[in-house]
Amino acid sequence: MKHKLIFSLLLLMLCFNVSFSQSIQDIINQVSNANLQLRVNELSGEQATVINGVSRTIANRLHSNNDLAADYIEERLSAFPNLTVAVQNFNSTGKNVIATQLGQTNPDNIYMICAHYDSVADYCADDNATGVAAVIEIARIMSQQCTDNTIIYALWDEEEIGLLGANFYAQQVADDTNGNTRDNILGVLNMDMIGYDGDAPGTPGDNDFDIDVRPIANSIAIKDDLLTILNTYSFDLNVIVVNPGTPASDHSRFWNQGYSAVLVGESWATNDETPNYHTANDRVVDIDFQYMTELTKLVAAYVATKSGLVALDNMVTQTDTSLMANETAANYQWYNCDTEIEISGATNQTFVPTTTGNYAVELTNGLCTERSSCINFSVLSASEFSEDELHLYPNPMASVLKIDNRTNENLSITIHTISGKTINKFQSEKSYVEVDFKKYASGIYFITIASESKASTFKMVKA
Ligand SMILES: [Zn+2]
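Here this note's numbering is used: the first residue of the sequence shown is -6, the next is one more, and so on.
This is the structure we're talking about:
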């Protein structure tokens, strides 16, 4: 039992690390540099994308010619769970794309992150494909979380010809005449140009960025919240607070309506803004994605903090024979992660897999739906091999693992890393098996060997 016990304890420990997705740090960790790069490339027309099933290139995002970009944004946001996506036409060419994630506890309390998607020239990667990509990335991550408060992800049109899209929206939501209710927007965080940092792309720059703020409503408190988050978690950023901040982007239209708002972006205050501003030379090659990723993480942490992550526990506890959702008050549906298909009838808190594979549970509680991480589960039978039947050696080994098989049975042999990842799986009925470990790094490995009726897991060390 000893080997199996160690293995189970290890997996149990991993479950707690891997599955727990309710911390702010976990939200920060999910921000993907690769996703941001892909979206900035697609939005700025550097590479083709697929829109409505057809390969398309977004030639530019001039306000008169950016319906394709709007379609792209709408389609990407619509693919995420828990979002309601609407296109708001505000004049003959202007279209805002607005995605709403309703809060479970206080749906009238609204936090907004936003960016404009129109541009003044071809490409315009920094201004403002970067801000749009960041909003979509944060929506991808946060849409998997239940929140107390409502989050609105807004992508504005016609910023470049007078902040028209944001102005239309801010006027509309502030209107309390004729029986209208003013929307309770508690914070607006606008991202405009978040990808340029002086030095060459990818090199460690000064990481300066600006928070533009004015003492309007509780805007100063948003700035303070951002400073607290910068001090609480680790970011490779250097903040400059600009007060009174520039009104030259969409957030100022919320100031005009008495809402709390700030701008986050590269540092105009230290003259560290892109030299290619408002030209077709504003291209992906000059974007510092490391820097942009840090800024996106900061805004993601702000949204996660202010929206309030609902304490729905989406962790899973694993035993030798079952998987159990930690959450006690929910509806359950278990999934096979390898096929993405829900398992018919598997709707209890505990699930007993009959085949080895990767499994997750989806929890629903009221308006709240969350999914666990995928858990690798090996089906182990009750009985283990005796030492006479199986012998694995040497331990530690240098480059070859040797297995003496005296069971006369066909064995399924699976090798896991210490983090639970399967790196090799094969079958053998030979009485002597050699496994090449030369290509694997030094460290601890778990070898699970199973026959029809027995299974054992061995902890082996590669020196
Ligand atoms: Zn801009």
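For each residue, glycine too, the CB sits at the ideal point set by N, CA and C.
### Beta-carbon gap between W149 and C107 smaller than 8 Å
Yes, Cβ-Cβ distance for W149 and C107 is below 8 Å.
#### Entry: Cβ separation of D60 and A159, assumed to be a contact under 8 Å, to the nearest whole Å
19 Å between Cβ atoms; not a contact.
### Message
Please tell me whether, using a cut-off of 7 Å, the distance from the CB of E152 to the nearest non-hydrogen atom of ligand 1 is below it.
### Response
Yes - ligand 1 has a heavy atom lying nearer than 7 Å to the Cβ of E152.
### Query
Under three-state DSSP, which class holds E259?
Three-state result, E259: strand.
### Query
At a cut-off of 7 Å, is S71 close to ligand 1 when judged by its beta-carbon and the heavy atoms of the ligand?
No, Cβ of S71 sits at least 7 Å from all heavy atoms of ligand 1.
### Message
Here's the rule: buried if 16 or more other CB atoms are within 10 angstroms of the residue's CB, otherwise exposed. What is A346?
### Response
A small correction: the amino acid at residue 346 is Pro; Ala does not occupy that position in the sequence shown. It counts as buried.
### Task
Within the region 302 to 357, note down every full beta strand (DSSP E) run reaching 3 residues or more, in order along the chain.
Runs found: 309 to 311, 316 to 318 and 324 to 329.
### Message
For the beta strand (DSSP E) containing R364, name the first residue and the last one.
### Response
The continuous beta strand (DSSP E) containing R364 extends over residues C361 to R364.
### Query
What residues are listed by DSSP as bridge partners for H107?
Before going further, note that residue 107 is Cys rather than His in the sequence given. Within the DSSP bridge table, the entry for C107 names A147 and N183 as partners.
### Task
For the beta strand (DSSP E) containing Q81, list its first residue and its last residue.
Counted as a single uninterrupted DSSP element, the beta strand (DSSP E) harbouring Q81 occupies residues T77 to N82.
### the region 136 to 145 contacting the region 205 to 223, beta-carbon criterion three pairs below 8 Å
Short answer: they don't touch.
### Query
With which residues is Q94 paired in a DSSP beta bridge?
Paired residue(s): I144.
### Message
Contact defined as beta carbons within less than 8 Å: I believe V468 pairs with N398. What is the distance between those atoms, to the nearest angstrom?
### Response
Here the chain covers residues -6 to 456 and nothing more, so residue 468 does not appear.
### Buried versus exposed call for T314 [16 or more other C-beta atoms within 10 Å across all chains shown]
By the 10 Å Cβ count, T314 comes out exposed.
### Task
Please name the residue in T221, S253 and S435 whose C-alpha comes closest to that of A167.
When each option's Cα is compared against that of A167, the closest is S253.
### Message
Could you check whether the Cβ of S37 sits closer than 7 Å to any heavy atom belonging to ligand 1?
### Response
Relative to ligand 1, the beta carbon of S37 is positioned no closer than 7 Å to any heavy atom.
### Query
The beta strand (DSSP E) with K418 in it runs from where to where?
Per DSSP, the continuous beta strand (DSSP E) segment holding K418 begins and ends at T415 to S421.
### Query
In the DSSP assignment, what residue or residues form a beta bridge with E427?
Beta-bridge pairing links E427 to K395.
### Message
Beta-carbon within less than 6 Å of A353's beta-carbon, same chain only, minus the 5 sequence neighbours each way: which residues are those?
### Response
Within its own chain, the residues whose Cβ lies closer than 6 Å to the Cβ of A353, once the five positions on either side in sequence are excluded, are Y328, C330, R364, S365 and C367, listed in chain order.
### Task
Assign D429 to buried or exposed, taking buried as 16 or more other Cβ atoms, counted over all protein chains shown, within 10 Å of its Cβ.
So D429 counts as exposed.
### Query
Alpha carbon to alpha carbon, how far is V78 from M317?
Cα to Cα, V78 sits roughly 34 Å from M317.
### Query
From V33 to A448, what does the alpha carbon distance come to, in whole angstroms?
Rounded to whole angstroms, V33 and A448 show a C-alpha spacing of 49 Å.
### Task
Give the DSSP-derived three-state secondary structure of S245 in the structure shown.
Assigned with DSSP and collapsed to three states, S245 falls in helix.
### Query
Are the CB atoms of T400 and F419 nearer to each other than 8 Å?
No, the Cβ-Cβ distance between T400 and F419 is not below 8 Å.
### Task
Compute the Euclidean distance between the alpha carbons of A27 and L404, then round it to the nearest angstrom.
So the two alpha carbons sit approximately 40 Å from each other.
### Query
Starting from M390 and walking both ways along the beta strand (DSSP E), at which residues does that stretch end?
Following the DSSP letters along the chain, one finds M390 in no beta strand (DSSP E), marked with neither H nor E.
### Task
Would you mind giving the Cβ-Cβ distance between T298 and I17, rounded to the nearest angstrom? I have them listed as a contact below 8 Å.
Confirmed, about 6 Å.
### Task
Check V33 in the structure and name its three-state DSSP category.
In this structure, V33 counts as helix in the three-state DSSP scheme.
### Message
Quick check on A210: does DSSP put it in helix, strand or coil?
### Response
Of the three classes helix, strand and coil, the one that applies to A210 here is coil, per DSSP.
#### Entry: Simplified DSSP assignment, three categories, for D19
The answer is helix: DSSP assigns D19 an H, G or I state.
### Message
Between N53, T407 and V80, which has its C-alpha nearest K88's C-alpha?
### Response
Ranking N53, T407 and V80 by Cα distance to K88 puts V80 first.
### Message
On the criterion of 16 or more Cβ atoms from any shown chain inside 10 Å, does V43 qualify as buried, or is it exposed?
### Response
It is exposed - the Cβ of V43 has fewer than 16 other Cβ atoms within 10 Å.
### Task
Within its chain, find whatever has a CB closer than 6 Å to the CB of E153; leave out the 5 residues flanking it on each side and keep chain order.
For E153, where only same-chain residues beyond five positions count, the Cβ hits under 6 Å are D111 and V113.
#### Entry: Sequence-distant residues of the same chain with beta carbon closer than 6 Å to D217, five excluded per side
The beta carbon of D217 is closer than 6 Å to none in its chain, skipping five residues each way along the sequence.
### Task
Tell me where the beta strand (DSSP E) around V125 begins and ends.
It is not in any beta strand (DSSP E) - V125 instead sits in the alpha helix (DSSP H) that spans T123 to M135.
### Query
Is N200 buried or exposed, if buried means 16 or more other CB atoms sit within 10 Å of its CB?
The residue is buried, with at least 16 neighbouring Cβ atoms inside 10 Å.
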